[in-house]
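K.L.:
Quick one: this structure, given as structure tokens, is what I'll be asking you about.
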Amino acid sequence: MESFSNESKAQKHPDPNQQREVSPGSDGELSLRALTGCVLCVLIVSTLLGNTLVCAAVIKFRHLRSKVTNWFVVSLAVSDLFVAVLVMPWRAVSEVAGVWLFGRFCDTWVAFDITCSTASILNLCIISMDRYWAISSPFQYERKMTRRFAFLMIGVAWTLSVLISFIPVQLNWHRARSSTRDGPDGCNASLNRTYAISSSLISFYIPVLIMVGTYTRIFRIAQTQIRRISSLERAPRAQNHHRHRTSTHDESALKTSFKRETKVLKTLSIIMGVFVFCWLPFFVLNCVVPFCDPDRPGEPPCVSDTTFSIFVWFGWANSSLNPVIYAFNADFRKAFSSILGCSRFCSTSAVETVNFSNELVSYHHDTTLQKEAAGPGGQRLMPASCLSEDWKFS
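The opening position of the sequence shown corresponds to residue 1 in UniProt numbering, with each subsequent residue numbered one higher.
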């Protein structure tokens, strides 16, 4: 969210891009700008390709459209696509050129930045709530989570994103009182303290608290389900083997259960870890900078412009990672391989996965698109219609 970033921390200072210039025209500076441009281009292209592929897969394949939860993934992909189209390129050009080249488009770009970045984070929050509801109350989820209700949740996320961005920016409510508009070569949108705190709460801090809570509960439910399945698996084995072998099988079952729980924990850690790693540094600085920047012109900022810019791009990089984390289950991988005309994403060998269904967490070798929620000996533990989105990390 660049509007919360380089511009927001440039209170009463010259254009930050100009501050970062070192010996204009020198070979070292040109090489650094060229390298920066290449890295940012790779990031933008990867974000575009990954999220476009997700949207294309859902549009093309009916079985993906039939899962309500996939519409949340599509909404996330759309918000990340907007980040790659409406936000990243303009800032990348400014990073390489050293000045803002797009004049009065600055305020509109700032509003796009806040809208798209906030929408991406709120969609991540919705996905966490959707999956928690699906796992904790599967039958209620099946009855109430209709496509209409899903679109309502998505609409609320996007509406909130627009309300905290375009209205304050266009009415100039977000600027610090002492902030002045830069010339055509600058894009200074420094935030006042009230807007910096309130917007950060809505865009990040409240959603991240919700995500931590839901994923913690998901892990506890998964842990309970795994141990329940493990106990069911041990029961028939104990009846079919001699007593002196029971302890060996129990030990093996406990190891398997521990392995399953570790897999679940690893999956959830990746989901939360990537998100927090990308966005937390920026939002910490976003709240700190309005309180620590100097009041007098000419004094150095409390956080260097280069540091702030790096953390801004870390936040945007989350948009390139979301397709890998949220859309690389078996269904999407096979859809991707079909769209790309190759079999790289879909191996014929068994892939060990952790499947988060509505009622249970099953751990097995996935070889087909359709999953069967069956217990030991083929006993069905829950209706197939109650199966929800699977999260898979091979």
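By construction, the Cβ of each residue, glycine as well, lies at the ideal position given by its N, Cα and C atoms. In this text the structure is predicted, and so the values were computed from the model without any measurement.
Please state whether DSSP places Leu160 in a helix, a strand or coil.
P.N.:
Residue state, collapsed to three classes: helix.
K.L.:
Could you tell me the distance, in whole angstroms, from the CA atom of Ser136 to the CA atom of Val110?
P.N.:
Rounded to whole angstroms, Ser136 to Val110 spans 39 Å at the Cα level.
K.L.:
Should Leu340 go down as buried or exposed, given a rule of 16 or more other Cβ atoms within 10 Å for buried?
P.N.:
With fewer than 16 other Cβ atoms within 10 Å, it is exposed.
K.L.:
Going by DSSP, what residue range makes up the alpha helix (DSSP H) through Ser128?
P.N.:
Phe105 to Ser136 is the extent of the alpha helix (DSSP H) around Ser128.
K.L.:
Give the C-beta separation of Cys116 and Val74 to the nearest angstrom, bearing in mind that I take them to be a contact with Cβ-Cβ under 8 Å.
P.N.:
Rounded, the Cβ-Cβ distance is 15 Å, inconsistent with contact.
K.L.:
Would Thr69 and Met145 qualify as a contact pair, given that the criterion is a beta-carbon distance under 9 Å?
P.N.:
Yes, Cβ-Cβ distance for Thr69 and Met145 is below 9 Å.
K.L.:
Is the distance from the Cβ of Ser199 to the Cβ of Ile114 below 9 Å?
P.N.:
Their beta carbons are under 9 Å apart, which means Ser199 touches Ile114 by this criterion.
K.L.:
Does the segment 90-102 come close enough to the segment 34-44 that 3 or more CB-CB pairs lie under 8 Å?
P.N.:
The segment 34-44, when compared against the segment 90-102, does touch it at the 8 Å Cβ threshold.
K.L.:
Classify Leu201 as helix, strand or coil using the three-state DSSP reduction.
P.N.:
Note: Leu201 maps to helix in three-state DSSP.
K.L.:
Contact defined as beta carbons within less than 8 Å: I believe Leu280 pairs with Tyr215. What is the distance between those atoms, to the nearest angstrom?
P.N.:
Contact flag wrong, Cβ pair sits at about 16 Å.
K.L.:
Classify Cys342: buried if its beta carbon has 16 or more other beta carbons within 10 angstroms, exposed otherwise.
P.N.:
Its Cβ having fewer than 16 others within 10 Å, Cys342 is exposed.
K.L.:
Comparing alpha-carbon positions, which option in Asn51, Ser66, Gly103 and Lys60 lies nearest Val85?
P.N.:
Nearest of Asn51, Ser66, Gly103 and Lys60 to Val85, Cα basis: Asn51.
K.L.:
Quick test of your reading: Ile154 and Phe72, contact by CB under 8 Å. State the CB separation rounded to the nearest angstrom.
P.N.:
Rounded, the Cβ-Cβ distance is 7 Å, consistent with contact.
K.L.:
If you follow the alpha helix (DSSP H) that Asp331 is part of, which residue opens it and which one closes it?
P.N.:
Unbroken alpha helix (DSSP H) run through Asp331: Ala330 to Leu340.
K.L.:
What is the residue span of the alpha helix (DSSP H) that residue 450 lies within?
P.N.:
It is not possible to answer for residue 450, since the shown part of the chain is limited to 1 through 394.
K.L.:
Could you give the DSSP three-state label for Leu191: helix, strand or coil?
P.N.:
DSSP places Leu191 in strand when its eight states are reduced to three.
K.L.:
Anyone know if the C-beta pair for Phe82 and Phe112 falls short of 9 Å?
P.N.:
Yes.
K.L.:
Under a Cβ-count criterion, where at least 16 other Cβ atoms within 10 Å of its own Cβ denotes burial, should Cys278 be classed as buried or exposed?
P.N.:
Classification of Cys278: buried, given that the 10 Å Cβ count is 16 or more.
K.L.:
Between Phe283, Gln223 and Ser231, which has its C-alpha nearest Arg260's C-alpha?
P.N.:
Considering only alpha carbons, the answer is Gln223.
K.L.:
Would the segment 118-131 and the segment 147-161 be scored as touching if the rule is three or more Cβ pairs under 8 Å?
P.N.:
In short, these stretches touch, since the Cβ pair count reaches three.
K.L.:
Run through the DSSP bridge pairs and tell me what Arg175 is partnered with.
P.N.:
DSSP, once it has assigned bridges, lists Leu191 as partnering Arg175.
K.L.:
State buried or exposed for Cys287, treating a residue as buried only when at least 16 other CB atoms are found within 10 Å of its CB.
P.N.:
Burial call: buried.
K.L.:
Where Leu48 and Trp313 are concerned, what is the direct C-alpha to C-alpha distance, given to the nearest angstrom?
P.N.:
The straight-line gap from Cα to Cα measures roughly 15 Å.
K.L.:
For a test of the three-state rule: what should DSSP assign to Asp27, helix, strand or coil?
P.N.:
In this structure, Asp27 counts as helix in the three-state DSSP scheme.
K.L.:
Please return the same chain residues whose Cβ sits closer than 7 Å to the Cβ of Pro24, not counting the five positions on each side in sequence.
P.N.:
With a pLDDT of 49 at Pro24, under the threshold of 50, the modelled position of that residue is not reliable, and the figure given next carries that caveat. Excluding residues within five positions, none has a Cβ falling inside 7 Å.
K.L.:
Using 9 Å as the threshold, is the C-beta distance between Asp331 and Lys67 below it?
P.N.:
Yes. Within cutoff.
K.L.:
Does the beta-carbon of His63 have 16 or more other beta-carbons within 10 angstroms, so that it is buried, or is it exposed?
P.N.:
It counts as exposed.
K.L.:
Any idea what DSSP makes of Glu21, helix, strand or coil?
P.N.:
Low confidence applies to Glu21: its pLDDT is 44, below 50, so where it sits in the model is not reliable enough to give any reading.
K.L.:
Less than 6 Å between C-beta atoms, sequence neighbours within five positions excluded: which residues of the same chain meet that for Thr118?
P.N.:
Correct list, in chain order: Ser161 and Ser203.
K.L.:
Using the beta-carbon count (16 or more within 10 Å), is Gln225 buried or exposed?
P.N.:
When all chains shown are included, Gln225 counts as buried.
K.L.:
Identify the continuous alpha helix (DSSP H) that holds Val74 and give its terminal residues.
P.N.:
Val74 -> alpha helix (DSSP H) spans Thr69 to Phe82.
K.L.:
Less than 9 Å between the beta carbons of Asp80 and Ser230, yes or no?
P.N.:
No, Cβ-Cβ distance for Asp80 and Ser230 is not below 9 Å.
K.L.:
From what residue to what residue does the alpha helix (DSSP H) around Ala317 run?
P.N.:
That run of the alpha helix (DSSP H) goes Asp305 to Tyr326.
K.L.:
Using three-state DSSP, classify residue 405 as helix, strand or coil.
P.N.:
Outside the shown range of the chain (1 to 394) lies residue 405, about which nothing can therefore be said.
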